[in-house]
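Protein chains in written order, with this note's numbering: chain A, 27 to 141; chain B, 383 to 495.
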């Protein structure tokens, strides 16, 4: 069972278009992280959101954490080819139930921005 | 600071063999986590080591094991390889632990034939 569901799985858009990708869960998370992974590389952290309702901006990228801390969205304005990659959301999860947490990841949204 | 390095970058093994992958974390980072990434399952957590102790383990069979050395470098071992073990194995280091900001290496691409 995937704790974090990301949608859409794939997205192909033209340069200059806007887009939103989503990360949803039935569980409450204390925080959520967004990563971008380019082919042949490991994921790179973009942002961490920690407060319900929080909005963070990173240039043309806007991240929002849901009020109930069960979901998050990433909006990209005027997408560029350099935005191409796999966008992953991740949140702390206790695998052992002993209070020690590790990141659990969604399966990601694969974005292609066509010039 | 130098980033997380992983060796080797690519590996081809035969079913039944065993393999050892290596990870050098960012200097000063004591937490090292390992993940398996496949197109079907995405990124799945294998285990985390902190100061040479395994702190967390994901839902993988005992064929997957790891260790961490006193200099924080880590290795993971997979014994009796199966075709389904073909994946990108990612190592990540963190200053604070496995649920905090992770710095990933480029991964080791393992192909089992």
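C-beta: ideal position from N, C-alpha, C; glycine also.
| Query | Result |
| --- | --- |
| Verify whether the separation of the beta carbon atoms of residue 484 of chain B and residue 87 of chain A is less than 8 Å. | no |
| Find out if the Cβ-Cβ distance for the pair residue 130 of chain A, residue 427 of chain B is shorter than 8 Å. | yes |
| Leaving out the 5 sequence neighbours to the left and right, which residues in its chain are closer than 6 Å to residue 402 of chain B when beta-carbon positions are compared? | 457 and 459 |
| Of the residues B:473, B:480 and B:479, which one's Cα is nearest the Cα of residue 388 of chain B? | B:473 |
| Spell out the partners DSSP gives residue 449 of chain B in its beta bridges. | B:457 |
| Counting pairs of beta carbons, one from the stretch 52 to 68 of chain A and one from the stretch 111 to 123 of chain A, are three or more of them closer than 8 Å? | yes |
| Which one or two residues does DSSP pair with residue 411 of chain B in a beta bridge? | In the DSSP output, where bridge partners are listed per residue, residue 411 of chain B has none listed. |
| Just checking: is the beta-carbon of residue 126 of chain A within a distance shorter than 8 Å of some beta-carbon in chain B? | yes |
| Which residues in chain A have a C-beta closer than 7 Å to the C-beta of residue 472 of chain B? List them in chain order. | 68 |
| Alpha carbon to alpha carbon, how far is residue 77 of chain A from residue 94 of chain A? Give it in angstroms, no decimals. | 9 Å |
| Residues of chain A with a CB under 9 Å from the CB of residue 486 of chain B: which are they? | 61, 63, 67, 68, 69, 70 and 71 |
| Excluding sequence positions up to five away, which residues of its chain have a Cβ less than 8 Å from the Cβ of residue 126 of chain A? | 120 |
| In the DSSP assignment, find the beta strand (DSSP E) that holds residue 97 of chain A and state where it starts and stops. | 97 to 102 |
| Looking only at C-alpha atoms, which of A:107, A:90, A:29 and A:67 sits nearest to residue 101 of chain A? | A:90 |
| In whole angstroms, what separates the C-alpha of residue 461 of chain B from that of residue 447 of chain B? | 8 Å |
| Find out if the Cβ-Cβ distance for the pair residue 491 of chain B, residue 391 of chain B is shorter than 8 Å. | yes |
| Would a check of beta-carbon distances place residue 113 of chain A closer than 8 Å to chain B? | no |
| Can you give the Cα-Cα distance for residue 42 of chain A and residue 110 of chain A, rounded to whole angstroms? | 13 Å |
| With a threshold of 8 Å between beta carbons, is residue 427 of chain B in contact with chain A? | yes |
| Taking Cβ to Cβ, would you say residue 430 of chain B is nearer than 8 Å to residue 480 of chain B? | yes |
| Do residue 31 of chain A and residue 50 of chain A count as a contact pair if the criterion is CB distance below 8 Å? | yes |
| If you count every other CB in all the chains shown that lies within 10 Å of the CB of residue 435 of chain B, and 16 or more means buried, which is it? | exposed |
| By Cβ distance below 7 Å, which residues in the same chain neighbour residue 74 of chain A in space, the five residues on each side in sequence not counted? | 57 and 59 |
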